[in-house]
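Asks: Residue numbers for the sequence shown follow my numbering, so the first one is 544 and each next one is one higher.
A virtual CB, placed ideally from N, CA and C, is assigned to each residue, including glycine.
Structure in structure tokens, see below.
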Amino acid sequence: LDTRKTLPGWRKLEKYATRMGGAQNHRMGLYDGVMIKDNHIGVVGSITKCVEAARAANLPKIEVECDTLDQVHEAASAGADIILLDNMGPEMLREAVAIVDGRCKTEASGGVNLQTIGAIAATGVDYVSVGRITQSAPAVDIGLDVAIL
Numbered sequence: 544l545d546t547r548k549t550l551p552g553w554r555k556l557e558k559y560a561t562r563m564g565g566a567q568n569h570r571m572g573l574y575d576g577v578m579i580k581d582n583h584i585g586v587v588g589s590i591t592k593c594v595e596a597a598r599a600a601n602l603p604k605i606e607v608e609c610d611t612l613d614q615v616h617e618a619a620s621a622g623a624d625i626i627l628l629d630n631m632g633p634e635m636l637r638e639a640v641a642i643v644d645g646r647c648k649t650e651a652s653g654g655v656n657l658q659t660i661g662a663i664a665a666t667g668v669d670y671v672s673v674g675r676i677t678q679s680a681p682a683v684d685i686g687l688d689v690a691i692l
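This is the structure we're talking about:
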């Protein structure tokens, strides 16, 4: 998966490029799903309360970012659609996948590179997201030469 982190004004093109390269798009914008992060949890009080509020607002997809196994358990129990497993090593990812036990989709993110992606994918997560797909893509030198006839 790619991420929503794209250059201002270039999102549609960058998302199209990732699809043409064989990757899947995560979200196009804030309108097609919500990602509950630590700041939201801190303000609302718990993952469960955040998920309940998102469900009450009829949001189409609810994803919860977790960096501990306790958070994973709460997010899965609260009914999250997707749990983003942030900066977890392969062993912790395997434990998180076991905790979720098919109740929702899992997404590994953070620390993903060519050296780690195989071990991450082997943990059983449903998705692996890579911000570098859009954030670190090299620029193409595009120019237009005009000749007066």
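Going by Cα to Cα distance, which pick from Val655, Gly552 and Leu544 is closest to Ala566?
Replies: Taking the sequence shown and counting its residues from 1, one reaches residue 566 at position 23. The option with the nearest alpha carbon to Ala566 is Leu544.
Asks: So, helix, strand or coil for Thr666, using DSSP?
Replies: Working through the sequence shown from its first residue, we reach residue 666 at position 123. Here Thr666 sits in coil by DSSP.
Asks: Looking at C-alpha atoms only, which residue of His583, Ala641, Gly632 and Lys592 is the closest neighbour of His506?
Replies: The shown model of the chain, from 544 to 692, leaves out residue 506, and the question about it has no answer.
Asks: Could you check the C-alpha separation between Val671 and Leu636 for me, to the nearest Å?
Replies: Residue 671 sits at position 128 when you count from the first residue of the sequence shown. Residue 636 sits at position 93 when you count from the first residue of the sequence shown. In a straight line, the C-alpha of Val671 is about 11 angstroms away from that of Leu636.
Asks: Considering only C-alpha positions, which residue in the set Gly686, Ala682 and Ala618 is nearest to Ala560?
Replies: By one-based count along the sequence shown, residue 560 stands at place 17. Closest by alpha carbon: Ala682.
Asks: Considering Asp629, what are the terminal residues of the beta strand (DSSP E) in which it resides?
Replies: Locating residue 629 in the sequence shown gives position 86, counting from the first residue. Per DSSP, Asp629 belongs to the beta strand (DSSP E) from Ile625 to Asp629.
Asks: Out of curiosity, what's the CA-to-CA distance linking Val587 and Asn656?
Replies: As a first step, residue 587 is located in the sequence shown; it is residue number 44 there, counting from the start. As a first step, residue 656 is located in the sequence shown; it is residue number 113 there, counting from the start. Whole-angstrom Cα-Cα distance: 34 angstroms.
Asks: DSSP three-state label for Lys648, please.
Replies: Within the sequence shown, the letter at position 105 stands for residue 648. It is a strand residue.
Asks: Where DSSP assigns a beta bridge to Glu608, which residues make up the other side?
Replies: Reading the sequence shown from its first residue, position 65 is the one you call residue 608. Beta-bridge pairing links Glu608 to Leu627.
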